[in-house]
Every structure is written in C-alpha cells, then in structure tokens.
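K.L.:
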Amino acid sequence: MKVAIADDDPIVCSSISTILTQVAHADIVWIANDGTEAVTCYAQARPDVLLMDVQMPHTSGLEAATSILGSDSLAKILFLTTFADREYIEQALAIGGRGYLIKQDVAAIIPAVQTVLSGEIVLGSEALSHLSIGNGDATQNAGRHAVNRESDRCANPFKNLTNREQRISALIAEGLDNHDIARQLYLSEGTVRNRISDILAKLNLNNRTQLAILWLRCHQR
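Here the sequence shown is numbered in my numbering, starting from 11 and rising by one per residue.
1. Considering only the beta carbon of each residue, do Gly106 and Ala74 sit closer than 9 Å?
2. Would you please state the rounded distance, in angstroms, between the beta carbons of Leu133 and Thr50? I believe it to be under 8 Å.
3. Determine contact between the stretch 110-127 and the stretch 38-55, defined as no fewer than three beta-carbon pairs at a distance below 8 Å.
4. Helix, strand or coil: how does DSSP classify Ile112 here?
5. Let's test the definition: count the other Cβ atoms within 10 Å of the Cβ of Ala14 and tell me whether it reaches 16, buried, or not, exposed.
6. Taking 8 Å as the threshold, find out whether the stretch 63-78 comes into contact with the stretch 96-104 through three or more Cβ pairs.
7. Pull up the distance between the alpha-carbon of Glu177 and that of Ile41, whole angstroms please.
8. For Tyr98, which residues of its own chain have a beta-carbon under 6 Å away from its beta-carbon, when the five flanking residues on both sides are left out?
9. Sorted by chain position, which residues of the same chain lie with C-beta nearer than 6 Å to Val202's C-beta, five sequence neighbours on each side aside?
10. Quick check on DSSP: helix, strand or coil for Leu60?
11. Which residues in the same chain have their Cβ closer than 6 Å to the Cβ of Thr125, if we skip the five residues on either side of it in sequence?
12. Judging by CA-CA distance, which residue of Arg174, Asp37, Met66 and Thr69 is the nearest neighbour of Ala55?
13. Determine, using beta carbons only, whether Leu171 and Leu213 come nearer to each other than 9 Å.
14. Quick check on the burial criterion: 16 or more other C-beta atoms within 10 angstroms. Buried or exposed for Thr91?
15. Report the three-state DSSP secondary structure of Phe93 (helix, strand or coil).
16. Just the Cα atoms here: how many angstroms apart are His155 and Thr69?
17. Leaving out the 5 sequence neighbours to the left and right, which residues in its chain are closer than 6 Å to Cys11 when beta-carbon positions are compared?
18. Shortest alpha-carbon distance to Asp19 belongs to which of Leu79, Pro67, Ala34 and Val39?
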C-alpha cells in the first residue's frame, strides 16, 4: 500500500515511516511538514491512505484535508494527532475524514491504516470516548457519518439484538478490531464480520463507527 504522511514533527514522520515500511511493508510516497505542502504533494502523487496531523503551520490538517477532499472525494485521510478534542474529531468526520487516531496509540496505526484502506471508518478508543461525551449533538455535527437523530434519544435499540450481538457491539465501542473480537469470543474473523453486518442492518446504521457511538451514548449515562 502507498501511504503519505503530513506532520510538522520530523521525528514523528520518521517513526511512523519506519513502522509502516518495516512492519506493514508500506511504500511511503511522500512526507509533508505543513498543510500547504500536503495539498501540493497530494496533487502530484495520490497515496492509498494519507496520515494527517490536525495542527500544522501555514495550513492546518483540517483545512488541507478539506482542500484535498474537494478535488478528490475518494481520498482516504486518516487523522493522526495528539489532540483528542471533540470539536476536532467532529470536524474531521464532517469533512469526510476516514478516521481519527491518537499518536500515542502506536500499536493501532497499522490496523487503522489497513481498515481505512479497506474502505471502513476507524476511530481510536480515546477518540470514541471523547465523541460520546456531551449533550447528544456530537453525531449530528459529524456530517454524513452521523447516527440518525432518532437514535440520539436511545430507547435502547440494542434490546432487540442477541446477547452475542450486544457483546460484539460493546467490544467495537471499546475500539477492538475484528481480529481481537474474534479472539475474545472464540469466533472466526469471518463470523465476526458477518455478525457486524447483521447488527448494522438491524440498527439501520452504515458503519462500525456509528455503532460504537450509539453504544456509548446508550450505555454511558
């Protein structure tokens, strides 16, 4: 897979590059140290996944991502930052970002990149916990990734799920990927994928991020 990195910290860029190239065998197509440079580099060489910091000189990551997505709506941008502010997370999802991860969670970088590459949306557990805190408007502000507002009131939509489906929903809300869920529940990854598809269909949701947000909203009262 071809990955690009936009971050104003050279040490972070070097570390992430090493992790991705040596462990995931990724090809780092370019590295940018500010948002303006990221927009220019993207126009010249489009990666499969772009890791984008939120705060950078000249042009922020959010502004750069907005510009990139304006010219390429299929761009897969995964925000990788030290900031877990709910406002940033909501903005990242609203503009079309495919994920939001905190830098300290180094072990999650490769699975997150692979998840985004496969077309799914990913949020780190810390980002999810911040997104679930507030007055119930977080998902509404998250644009096309929002959970339907009927679910905001949460009349326990999970009560119609089986015990196994509820358990899987809880583990997704904890930030576990399919591999870890399968290991905990002694299931195959294929079975977990099928169960998740069933859950999303029953709850009328589009992706696991919406599922995680809804679970947290209904169970963290």
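Every residue, glycine too, gets a C-beta built ideally from N, C-alpha and C. Note that this is a predicted model, so its numbers are computed, not measured.
P.N.:
Considering the structure as presented:
1. No, they are not a contact pair.
2. Contact flag wrong, Cβ pair sits at about 28 Å.
3. As far as the Cβ criterion goes, the stretch 110-127 does not touch the stretch 38-55, which means the pair count is below three.
4. In the structure shown, Ile112 sits in a strand (DSSP, three-state: E or B).
5. Classification for Ala14: buried.
6. Remark: three or more beta-carbon pairs, one from each stretch, lie closer than 8 Å, so the stretch 63-78 and the stretch 96-104 are flagged as touching.
7. It is Arg, not Glu, that sits at residue 177 in the sequence shown. Going from the Cα of Arg177 to the Cα of Ile41 covers about 40 Å.
8. Only residues of its own chain outside the window of five on either side were considered, and among them Val64 have a CB closer than 6 Å to the CB of Tyr98, listed in chain order.
9. The residues are Asn188, Ile191 and Ala192.
10. Strand, per DSSP.
11. If we look at Thr125 and ignore the five residues flanking it on each side, its Cβ neighbours are Val132.
12. Of the listed residues, the one whose Cα sits closest to Ala55 is Asp37.
13. One thing to note: Leu171 has its Cβ within 9 Å of the Cβ of Leu213.
14. Classification for Thr91: buried.
15. If DSSP states are grouped into helix, strand and coil, Phe93 belongs with coil.
16. Legend: pLDDT at His155 = 40, less than 50; position of this residue unreliable, no value from coordinates given.
17. Just to set this straight, residue 11 is Met in the shown sequence, not Cys. Counting only Cβ-Cβ distances below 6 Å, and skipping sequence neighbours, we find Ala36, Asp58 and Leu127.
18. Checking every option, the nearest Cα to that of Asp19 belongs to Pro67.
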